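In this note's numbering, the protein residues as written are -11 to 425. See below for the structure under consideration.
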């Protein structure tokens, strides 16, 4: 039976999950593939030894030892970050090795260079674990939905942010308190910026949008807003509107231009995405042939992500033994047909809105605010006002009909300059089911 040898760079949480998966499932994978898939080399600059049952694996502190090893067929990069991960992947490809990575930040920033280098050397790039953890979302998009024009992508793609919003919704706790709990439980990093400010989600959306539409989308093409400004009162008002607030990744295919955005969103409680709670992820595709497809599962963690990395290793091993390298393009489309995208400016976005204006309750305040909204053609659907106190500011909440983002920004700029306003207006977009393609 042919043996496929695998080298691993980075024996951290996910690296340990991959090693455990390949070890525990070795016999099953041999039955399924007709070959032995063995992790034989690990490079990690921090380690001097490996735990049982991995002590038989050759350990190096220098990744270059793996590139120079002619016996290795596949090299897996699991150190994260841009450098030296980019250098390592390109060096492995230059050495003729197939590569696997879970590095969403790298692929959404330098993916084009990596895929072009791999095509030139006729090697595979696997990256299932870069989006959705253990959810096979990339394979579904590249292969299962290949006969569809993808009309939109929408999803909850960051477990930390979703855990925080779920706790705020269910317990009414403030953002800072829930973030601290998420850090204690290991859901959030010591520096949670990428998670709570939507950057991690934007990395993932850039990758999925590139695959879905055959256009090279990078992180810089995605408009990003995080959840750090949300307060429990916004959660309460969302409930009154029959909604839950979720940090959504949204991409819409308009044919000649593409929306790509990440932001807090008012999601109707009867929508599938509203029921995704805790640290779970869910990603929805709409295809012109298949309709709506929702993929749900654990979006992070040692074993779920290790499972996704192992799936890439198995796919490449199967291709090697059958001489079918390059059968499925890594980005679903051949690189030569892919082009730069035309990204829809956020100023052109049209959707219903939630505004929370903090103002002193004085005569004529509501009329002033309504007048400004009217001048910018923003129609009010409903208004909620809690409390009446002339000495302390109160919250006035507006739910609008569809309005253009550029007009919204100008109107709120004027409203926030009013002498009666005590804090910047909070705005949240509603998920507009009526405007989907």
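Ideal placement from N, C-alpha and C gives every residue a C-beta, glycine not left out. The model shown is predicted, which means the values in this text are computed figures rather than measured ones.
Mind reading off the beta-carbon distance from residue 228 to residue 384? Whole number of angstroms is fine, and I expect it under 8 Å.
-> With 8 Å as the limit, residue 228 and residue 384 do not qualify as a contact, their Cβ atoms being about 13 Å apart.
So is residue 330 buried or exposed if we call it buried at 16+ other beta carbons inside 10 Å?
-> exposed
What beta strand (DSSP E) runs, 3 residues minimum, are completely inside the region 126 to 205?
-> 138 to 144
Alpha carbon to alpha carbon, what distance is there between residue 142 and residue 424?
-> At residue 424, the pLDDT of 39 sits below 50, so the modelled position is not reliable and the matter cannot be decided from this model.
Output yes or no for whether 9 Å exceeds the beta carbon distance between residue 340 and residue 391.
-> yes
Using 8 Å as the cut-off, classify the Cβ of residue 314 as near or not near the heavy atoms of the ligand ZN, replying yes or no.
-> The model on display carries no ligand, and the ligand ZN is accordingly not part of it.
On the DSSP bridge assignment, give the partners of residue 284 in chain order.
-> 270
Based on the DSSP output, what are the partners of residue 253 in its beta bridges?
-> 234, 417
With DSSP collapsed to three states, give me the class of residue 241.
-> strand
Among 256, 74, 265, 207, which one has its Cα closest to the Cα of residue 151?
-> 265
Taking the beta strand (DSSP E) that residue 219 falls in, what are its first and last residues?
-> Note, residue 219: premise wrong, no beta strand (DSSP E); not H, not E.
Can you find at least 3 beta carbon pairs, one from the region 237 to 250 and one from the region 176 to 195, that sit closer than 8 Å?
-> yes
Touch check for the region 195 to 207 and the region 319 to 329: three-plus C-beta pairs under 8 Å?
-> yes
What three-state label does DSSP hand residue 373 in the structure shown?
-> strand
Name the one or two DSSP bridge partners that residue 89 has.
-> 65
Opening and closing residue of the beta strand (DSSP E) in which residue 25 lies | 23 to 31
Determine, using beta-carbon pairs with one atom in the region 180 to 188 and one in the region 133 to 149, whether at least three such pairs fall under 8 Å.
-> yes
For the alpha helix (DSSP H) containing residue 344, list its first residue and its last residue.
-> From DSSP, residue 344 is part of no alpha helix (DSSP H) but of the beta strand (DSSP E) over 341 to 348.
So, residue 60 versus residue 11, is the Cβ gap smaller than 9 Å?
-> no
Can you tell which of 357, 408, 303, 418 has its C-alpha closest to the C-alpha of residue 21?
-> 303
Helix, strand or coil: how does DSSP classify residue 70 here?
-> coil
For residue 289, three-class secondary structure by DSSP | coil
Would you tell me roughly how many angstroms separate the C-alpha atoms of residue 365 and residue 356, rounded to the nearest one?
-> 15 Å
Pick from 360, -3, 217: whose alpha carbon is nearest that of residue 49?
-> -3
When 0, 416, -10 are compared against residue 225, the one with the closest alpha-carbon | 416
Do three or more CB pairs link the region 287 to 307 to the region 93 to 101 at distances below 8 Å?
-> no
Does the separation of the CB atoms of residue 388 and residue 368 fall below 9 Å?
-> yes
Report the three-state DSSP secondary structure of residue 424 (helix, strand or coil).
-> Note on residue 424: pLDDT 39, under 50, position unreliable in the model; no value is reported.
Tell me whether residue 40 sits in a helix, a strand or coil according to DSSP, three-state version.
-> coil
Is residue 52 buried or exposed, if buried means 16 or more other CB atoms sit within 10 Å of its CB?
-> exposed
Decide if the region 81 to 90 is in contact with the region 114 to 125; the criterion is three or more beta carbon pairs, one per stretch, under 8 Å apart.
-> yes
Distance, residue 175 Cα to residue 267 Cα | 8 Å
How about residue 123 and residue 318: do their beta carbons lie closer than 9 Å?
-> no
Through-space distance from residue 27 to residue -7, alpha-carbon basis | 6 Å
Per-residue burial, residue -10 [other beta carbons within 10 Å of its own, 16 or more giving buried] | exposed
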